[in-house]
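Report on one structure; see the data block that follows.
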Amino acid sequence: MANNNNGKMSREEAGRLGGEATANNHDKEFYQEIGRKGGEATAESHDKEFYQEIGKKGGEATAESHDKEFYQEIGQKGGEATAESHGREFYEEIGRKGGEATSDSHDREFYQEIGQKGGQARNDSDGNDGKMSREEAGRKGGEARARQRRGE
Numbered sequence: 005m006a007n008n009n010n011g012k013m014s015r016e017e018a019g020r021l022g023g024e025a026t027a028n029n030h031d032k033e034f035y036q037e038i039g040r041k042g043g044e045a046t047a048e049s050h051d052k053e054f055y056q057e058i059g060k061k062g063g064e065a066t067a068e069s070h071d072k073e074f075y076q077e078i079g080q081k082g083g084e085a086t087a088e089s090h091g092r093e094f095y096e097e098i099g100r101k102g103g104e105a106t107s108d109s110h111d112r113e114f115y116q117e118i119g120q121k122g123g124q125a126r127n128d129s130d131g132n133d134g135k136m137s138r139e140e141a142g143r144k145g146g147e148a149r150a151r152q153r154r155g156e
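In this note's numbering, each number is its position in the sequence shown, counted from 1, plus 4.
So, in structure tokens, the structure goes:
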């Protein structure tokens, strides 16, 4: 037992002993409940910027201590877990939302550019087999989407 100069228990020792006693007297649900209450109290006393800042700091600290393989591994695990717990409708919905968000933030030229890049990549990898090129399909798709956004 760590004592200070006048024979009393240190704060560190008292905290450790108190924590051990609490752990012996309470179950998982107790800790879940106090964690939930603490999270709610923190949310009430902090704004969006607070959470953005601590998220940024946490992300930077993680990036400094982990390499590319770490992120590839957790990305793969996350993707596999998501695939196991979600069906086709989930992926259709997130694809639709992503397409709408992209459409809202990009113009006709963006779609023409990515269509041209896709077409060029296809032309670089295999010959034209009589089908519409990806470049042409991308261009037409971009034009159609632009017309749709203009209400034509």
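In this text, a Cβ means the ideal position worked out from N, Cα and C, and glycines have one as well.
- Rounded to whole angstroms, the separation of the alpha carbons of glutamate 77 and glutamate 17 is 40 Å.
- Within 10 angstroms of the beta-carbon of glutamate 97 lie fewer than 16 other beta-carbons, which makes it exposed.
- When secondary structure is reduced to three states using DSSP, glycine 59 falls in the helix class.
- Here the region 136-149 lies against the region 103-118, with 3 or more beta-carbon pairs under 8 Å apart.
- Judged by beta-carbon spacing, arginine 138 lies within the 8 Å limit of glycine 123, meaning their Cβ atoms are closer than that value.
- DSSP, read as helix, strand or coil, puts lysine 135 in coil.
- If you draw a straight line from the Cα of phenylalanine 34 to the Cα of threonine 86, it comes to about 29 Å.
- Taking all protein chains in view, the Cβ of arginine 151 is surrounded by fewer than 16 other Cβ atoms within 10 Å, so the residue is classified as exposed.
- Taking 8 Å as the cut-off, the Cβ atoms of glycine 102 and glutamine 120 do not count as close.
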